[in-house]
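In what follows, a single structure is set out as structure tokens and then discussed.
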Amino acid sequence: MPDETGDSEYLSDLSPKDKPWDSHRAIADTVQSLYRSARLDKYADRIETCGKLLEFALRSDDQGDVGIKLQSARFCRVRHCPVCQWRRSMKWQAKMFTAMPKIQAEYPTHRWIFVTLTVRNCDLVDLRTTVTDMNKAFKRLTELKIFPAIGWIKSVEVTRNQETGQAHPHFHCLMLVDSKYFGGRNYIKHDQWRSLWQQCLRSDYLPVVNIKAVKPKKNKLTDELDDIGQAIVEVLKYSVKESDLVADENWLVELTKQLHKTRAISIGGVLKTFLKEEKEDEDLIHIEEKEDIEDIEDSIKIYFGWREAIKRYTKQ
Ligand SMILES: [Zn+2]
Numbered sequence: 001m002p003d004e005t006g007d008s009e010y011l012s013d014l015s016p017k018d019k020p021w022d023s024h025r026a027i028a029d030t031v032q033s034l035y036r037s038a039r040l041d042k043y044a045d046r047i048e049t050c051g052k053l054l055e056f057a058l059r060s061d062d063q064g065d066v067g068i069k070l071q072s073a074r075f076c077r078v079r080h081c082p083v084c085q086w087r088r089s090m091k092w093q094a095k096m097f098t099a100m101p102k103i104q105a106e107y108p109t110h111r112w113i114f115v116t117l118t119v120r121n122c123d124l125v126d127l128r129t130t131v132t133d134m135n136k137a138f139k140r141l142t143e144l145k146i147f148p149a150i151g152w153i154k155s156v157e158v159t160r161n162q163e164t165g166q167a168h169p170h171f172h173c174l175m176l177v178d179s180k181y182f183g184g185r186n187y188i189k190h191d192q193w194r195s196l197w198q199q200c201l202r203s204d205y206l207p208v209v210n211i212k213a214v215k216p217k218k219n220k221l222t223d224e225l226d227d228i229g230q231a232i233v234e235v236l237k238y239s240v241k242e243s244d245l246v247a248d249e250n251w252l253v254e255l256t257k258q259l260h261k262t263r264a265i266s267i268g269g270v271l272k273t274f275l276k277e278e279k280e281d282e283d284l285i286h287i288e289e290k291e292d293i294e295d296i297e298d299s300i301k302i303y304f305g306w307r308e309a310i311k312r313y314t315k316q
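Going by our numbering, the letters in the sequence shown line up with residues 1 to 316, in that order.
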């Protein structure tokens, strides 16, 4: 574990898999100061305390390799906190990866399609209404007789147009379909997806829709993510990318107002049996797919504290 190079006091050197902590906490510092400057002290105060001290324990994995694993930390749970947003996304991805073999066992011949449903950019002040309308439209879509999926997971992403400051909300959906859908009489072509989405949106323009068939899982010979793995990561990533969060103070403040208490991820159809939508107090500490094989020594704890001046977690 700790080596003699003198670098081992940093979390990112000691445990490469925990490297992202530094960058997410650094962006959290910026989000916190934007909220502070906008006099949203309630959010600034909460983010200020988020993940400031991390308690890790020594663990060995199933290969017998020794590493450290997060045992305890305090999370602020602010919607746009970069640290919490990252933890939530990792947690969702892990839950989905854990559920996949069960879904596959229950529906061995079914396949996945990755669908992105968009609308035209809207003014940020109209984001809440726009997303509400999109949710209604999605419900109509799933109720159409021709709708091919028996289960889906859907997330909302909002990006910021750099020139106009307008918002671009869109849905990423992973849909489980019968394999007969491909090449069958009910197969929906790209143009038809667009007009169906237009019909459900009740819009006077033809919206942009992307459809991708996900390749079935191959034998896992490498650690590389296969098609389905990539789709899972894409659907369950952040809902607002970090660079957009910190681009403009007013944009962040209005975004916070607009998305307050809206749902980022929803589950539908048969997938409800395998995945649950999270409660507000979800566990953001234990997010790994696999449980530990062995506790080496429960009493060995290592603490890392956030050093804002150098933007690194440093051993305490
Ligand atoms: Zn947080």
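C-beta: ideal position from N, C-alpha, C; glycine also.
Simplified DSSP assignment, three categories, for D292: Note that D292 has pLDDT 46, beneath the 50 cutoff, so the model's placement of it is unreliable and no number is given.
Alpha-carbon spacing of D292 relative to V83, whole angstroms: Confidence is the limiting factor: at D292 the pLDDT is only 46, short of 50, which leaves the residue's position unreliable and the question unanswerable from this model.
CB of H172 within 8 Å of CB of E234, strictly: The answer is yes: Cβ separation under 8 Å.
Rounded C-alpha distance that separates K95 from L141: Taken atom to atom, the span from the alpha-carbon of K95 to that of L141 is near 26 Å.
Separation of R307 from R111, as counted between CA atoms: Distance between the alpha carbons of R111 and R307 is about 46 Å.
Backbone CA spacing between V125 and D283 [nearest angstrom]: Rounded to whole angstroms, V125 to D283 spans 32 Å at the Cα level.
K102 burial status per 10 Å Cβ neighbour count (16 or more: buried): Burial call: exposed.
For V131, the nearest candidate out of I113, G151, M100 and A167 (CA to CA): Checked all of I113, G151, M100 and A167; the closest Cα to V131 is A167.
Every unbroken alpha helix (DSSP H) within the segment 162–217, with a cutoff of 4 residues, ordered by chain: Runs found: 190–201.
Sequence ranges, alpha helix (DSSP H) only - wholly within the segment 119–145, length at least 4: The qualifying runs are 127–143.
Assigned exposure category for H190 - 16 Cβ within 10 Å defines buried: It is exposed - the Cβ of H190 has fewer than 16 other Cβ atoms within 10 Å.
Proximity test, I47 beta-carbon vs ligand 1 heavy atom, cut-off 7 Å: Yes, since a heavy atom of ligand 1 falls inside the 7 Å radius drawn around the Cβ of I47.
From K69, K301, I302 and R160, residue whose alpha carbon lies closest to that of E254: Per the Cα distances, R160.
Own chain partners of A137 with C-beta closer than 6 Å, once the 5 adjacent residues on each side are dropped: Closer than 6 Å at the Cβ level, and outside the excluded window around A137, lie C200 and L201.
Candidates I211, N135, P169 and V119: closest to P148 by CA position: Of the listed residues, the one whose Cα sits closest to P148 is I211.
V235 CB to nearest heavy atom of ligand 2 below 7 Å: Of the ligands one can find in the structure shown, namely ligand 1, none is ligand 2.
Cβ-based neighbour list, I300, same chain, cut-off 7 Å, excluding 5 preceding and 5 following: A57 and L58, listed in sequence order.
Contact set for K154: own chain, Cβ-Cβ below 6 Å, skip 5 residues either direction: Excluding residues up to 5 positions away in sequence, F171, C173 and S266 lie with their Cβ nearer than 6 Å to the Cβ of K154 in the same chain.
Residue from S179, K241 and L34 whose Cα sits closest to the Cα of S89: Here the closest residue by C-alpha is K241.
Beta-carbon spacing of Y43, V66 below 8 Å: No. Outside cutoff.
Whole-number beta carbon distance between I150 and V270, since they are thought to touch under 8 Å: Right, their Cβ atoms sit about 5 Å apart.
Nearest neighbour of I287, chosen from D18, S23, D41 and T164 [CA to CA]: Out of D18, S23, D41 and T164, D18 has the C-alpha closest to the C-alpha of I287.
Min CB distance M90 to chain C below 8 Å: In the structure shown, chain C cannot be found, because there is only a single protein chain.
For W306, the residue or residues it bridges with in DSSP: The bridge partners DSSP lists for W306 are Y313.
Run of the beta strand (DSSP E) containing K69, from where it starts to where it stops: Segment V66 to S72, the beta strand (DSSP E) holding K69.
C-beta contact flag for Y313 and L54 at 8 Å: It is a contact, given that the beta carbons lie within the stated cut-off.
For D29 and D227, the rounded distance between their alpha carbons: Their Cα atoms are separated by approximately 35 Å.
Proximal residues to A247 (C-beta, below 8 Å), its chain only, five neighbours per side dropped: Around A247: R160 and Q162.
CA-to-CA distance, T164 to F97, given in whole angstroms: Straight-line spacing of the CA atoms in F97 and T164 works out to 38 Å.
Where the beta strand (DSSP E) containing E9 begins and where it ends: DSSP places E9 outside any beta strand (DSSP E), giving it a letter other than H or E.
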